[in-house]
Amino acid sequence: MSIEVTAGPSSSDERLLRESFLRKLLRRPELGAVSGAVLVWVLFAVLAGDRGFVSLRATANFLEVASELGILAVAVALLMIGGEFDLSIGSIIGGAGMAVTILSVEYQWNLWAAIGMALLFSLAVGAINGLLVVRTKLPSFIITLGSLFIIRGVTIGLTRLITGRTQVGGVKAAAGYDSAASVFTSAIKITDPASKRGLPAEFSISILWWLIIAALATYVLLRTRPGNWIFGIGGDANAARNVGVPVSRMKVILFMVTATSAWLVGTIQVLSAGSADTLRGEQREFYAIIAVVIGGTLLTGGYGSALGAVFGALTVGMVQQGIVYTGIDSDWFMVFLGAMLIVAVLVNNYIRKRAAEVK
Amino acid sequence: MSADQTPIVEARNISKYFGGVIALKDVSMELRHGEVMCLLGDNGAGKSTLIKILSGVHPPDEGEYLVEGRTVHFTSPRDALEHGIATVYQDLAMIPLMSITRNFFLGSELTQGWSFLKRFDIRRANCIVHEELRKMGIDIRDPAQPVGTLSGGERQSVAIARAVYFGAKVLILDEPTSALGVKQAGVVLRYIAQARMRGIAVILITHNPHHAYPIGDRFTILKRGRTLGTFTKAELSRSDMIQMMSGGEELEDLERELREFREQASSRSAETPSQEEPGGFGEESG
């Protein structure tokens, strides 16, 4: 047993110095995601460049898709670095969106009040998720799989009970719509020289939300105490608790953060569509996890980055929209997504092994 | 060592029962400033129970626990830590994927700025870690590298350095060398000597007499939940120590048993594969 340790080759210092820059680069969790995003863009630029993929309009298009996923992915990245899963966010998107719509349309609330109330609902759901995980010590996968169905069921049940339907419209006529829309769904229009019909590229404000949230998450993760705790509880919750990290409190907060991100996406979707559907947000929890994993975050926690999740979401968004431009039936998108996930995990495992191996 | 000095940690007639099992019975020991006390004993001798009591994980069922002459009743490891008693466990020491600095400051992060604008001052933290480790004779190239890239010995050393930096007066080290090779164990033992030079009292738990003997000032030997006494180095030769720890007769019995077993096996047939000796012994010969 001791033979292995002592007989290991001792590398010379010169070699280590030469390797150190590459090593530092390899140590960045987002390396794989950045190169993956570049690769996917180049792939679609070659396959669909002449069909309009390389244009401002297409860029605005895939950025909008990526931004809604990215808002979720950044929050999920924090949670997954903290060692937990949240499968309920897709249902919260539907539930929060429906809450905003029913309160503002059926009960004539001011839209801002409805949005605020939906936020409170979402925070409560996140807190319950977190408390259940912490108290029962069951895997969060199980707890949030349960809440995935419970929240979706409650949303469908209540909506049908109150409105008799599963789709509710009329949000654009609600009081306070104009100001709320400017915050959640406005867009910057830029004329696209590549467009033959003179259609402008519309860069949605959700892209801005995405970037702000990503910057905030990155700062918290890398430069604050709670950020260090998130890495600690994901890496080894017991060790973290032993040195005084409030493990349970941090976990509950992280579930509240993912629930809040789902609320934001739900609100953006409802305001831009003007209506809510009880099935909105379905499968978004998996897309978010895929984006996070492509972004280099470990499924087992303790390692990853918010920036990686940004590039993971960007990659997924590009593939989702890029396929349309290639002319391939978009039914094949899911095949790409699944394959990408598996490749990303393999690449990340390899990189991580290289970065953290015992010298 | 002056006799009038108050021991920094003292256990008086401590007993601990787990259901019907007597884990410790009437165990007394004391630790003085700036000494390394080795706690020796075979598996199941009660070493872990004793250190868990000293580090605040379990309260003793009987007896008295004194820190700097005053009776204490710890209810959690936090209490012990506040009295300057830090325990470094063999397995729970470090989180491999986190950087050395992040591990070092986990739970006690160095901050800068006010209230919610407070930020983790990672640059200064890096400098401190580099300096603290250098003081103890470990030169790491980059404190931002993951702990997983360190060897087992270095990892233990970082954990010890952390305890020392955050004001430990008493270090309890649980089997810090048991998973390490000879060279790595040397790193940790050298490090313990450094800590002693800085006036820190150390309780070193080990079942390896070859690691204990060179570093220890005094030796407390546990056997089946009782103490066989505390000895200074002058009172105890290395071979006496080994004899007392595991019981010489027991080793002789085992040797005889194994010899018989081998004879039996060879007399039977060649198709049964030869049994390897139990793992624990290879280490003691190393």
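First to last, the sequence lines map onto chains A and B.
Take 1 as the starting number for the first sequence in my numbering and just add one per residue.
Take 1001 as the starting number for the second sequence in my numbering and just add one per residue.
Even glycine gets a Cβ: it sits at the ideal position worked out from N, Cα and C.
Check: Restricting to Cα atoms, I'd like to know which of A/D329, A/S195, A/A313 and A/S206 is closest to A/M340.; Outcome: A/A313
Check: Just mark A/G97 as buried or exposed, buried being the case when its beta carbon has 16 or more other beta carbons within 10 Å.; Outcome: buried
Check: Out of B/R1256, B/I1085 and B/G1034, state which residue places its alpha-carbon closest to the alpha-carbon of B/M1197.; Outcome: B/G1034
Check: Against B/T1111, what residues of chain A qualify as contacts under a CB-to-CB distance less than 9 Å, listed in chain order?; Outcome: T224 and R225
Check: Going by beta-carbon coordinates alone, are A/V270 and A/T101 separated by less than 8 Å?; Outcome: yes
Check: Mind listing, in chain order, the continuous alpha helix (DSSP H) runs of no fewer than 4 residues lying wholly within the stretch 275-315 of chain A?; Outcome: 284-294
Check: Is B/G1229 close to chain A? Criterion is C-beta to C-beta, closer than 8 Å.; Outcome: no
Check: How about A/T6: is its C-beta nearer than 8 Å to some C-beta of chain B?; Outcome: Because A/T6 sits at a pLDDT of 35, beneath the cut-off of 50, its placement in the model cannot be relied upon, and the following sentence gives the value as read from the coordinates. Taking Cβ atoms only, chain B reaches closer than 8 Å to A/T6, which makes this a yes.
Check: Rounded to whole angstroms, what's the CA-CA distance from A/L211 to A/R284? Just pull it up for me.; Outcome: 19 Å
Check: Report all residues from its chain with a CB closer than 6 Å to the CB of B/S1285; omit the five preceding and five following residues, and keep chain order.; Outcome: In this prediction, B/S1285 has a pLDDT of 39, which is less than 50 and means its spatial position is unreliable; what the coordinates show is noted afterwards. Cβ neighbours of B/S1285 beyond the five flanking positions: none.
Check: Would you call the CB atoms of B/I1160 and B/I1203 closer than 8 Å?; Outcome: no
Check: Can you tell me the Cβ-Cβ gap for A/V76 and A/I294, rounded? I've got them flagged as a contact below 8 Å.; Outcome: Contact doesn't hold; Cβ gap of about 12 Å is too wide.
Check: Show which residues of chain B have a CB atom less than 8 Å away from the CB atom of A/V243.; Outcome: L1106, G1107 and S1108
Check: Any residues in the stretch 1114-1128 of chain B with a beta carbon nearer than 8 Å to a beta carbon of chain A? Which ones, in chain order?; Outcome: K1118, R1119, F1120 and I1122
Check: Give a yes or no on whether the minimum CB-CB distance between A/Y177 and chain B is below 8 Å.; Outcome: no
Check: Please give me, in chain order, every unbroken run of the alpha helix (DSSP H) with length at least 4 that falls completely inside the stretch 1010-1078 of chain B.; Outcome: 1047-1054
Check: Inspect the CB distances between the stretch 268-282 of chain A and the stretch 295-307 of chain A and report whether three or more fall short of 8 Å.; Outcome: no
Check: Find the nearest neighbour of B/T1232 within the set B/R1218, B/V1129 and B/G1225, judged by alpha-carbon distance.; Outcome: B/R1218
Check: Bridge partners of B/I1172, per DSSP?; Outcome: B/T1087 and B/I1203
Check: For B/I1172, return the contacting residues in chain A, with the cut-off set at a CB-CB distance below 9 Å.; Outcome: The contacting residues do not exist; B/I1172 stays about 13 Å from chain A at best.
Check: Can you list, in chain order, the residues of its chain with a C-beta nearer than 7 Å to that of A/P246? Leave out the 5 residues immediately preceding and following it.; Outcome: none
Check: Can you tell me whether B/P1077 is buried or exposed, with buried defined as 16 or more other CB within 10 angstroms of its CB?; Outcome: buried
Check: Using the three-state DSSP reduction, which class does A/T191 fall into: helix, strand or coil?; Outcome: strand
Check: Could you check whether B/R1226 and B/V1009 sit closer than 8 Å to each other, using their CB atoms as the reference points?; Outcome: no
Check: Which residues, in chain order, does the stretch 1082-1101 of chain B contribute to contact with chain A at a C-beta distance below 7 Å?; Outcome: L1092, I1095, P1096, L1097 and M1098
Check: Whole angstroms is fine: what's the gap from A/G251's alpha carbon to A/N242's?; Outcome: Contrary to the premise, residue 251 of chain A reads as Lys rather than Gly in this sequence. Cα to Cα, A/K251 sits roughly 16 Å from A/N242.
Check: For B/T1230, does the three-state DSSP call read helix, strand or coil?; Outcome: strand
Check: Quick one, which of B/S1151, B/Q1194, B/R1190 and B/M1029 has its alpha-carbon nearest B/A1179's?; Outcome: B/S1151
Check: Any idea what DSSP makes of B/P1209, helix, strand or coil?; Outcome: helix
Check: Indicate the three-state DSSP secondary structure (helix, strand or coil) for B/E1109 in the structure shown.; Outcome: coil
Check: Please classify A/M334 as buried or exposed, where buried requires at least 16 other C-beta atoms within 10 Å of its C-beta.; Outcome: exposed
Check: For A/Y303, go through chain B and note every residue whose CB falls closer than 7 Å to its CB, in chain order.; Outcome: L1097
Check: Taking only three categories from DSSP, how would you classify A/A201?; Outcome: strand
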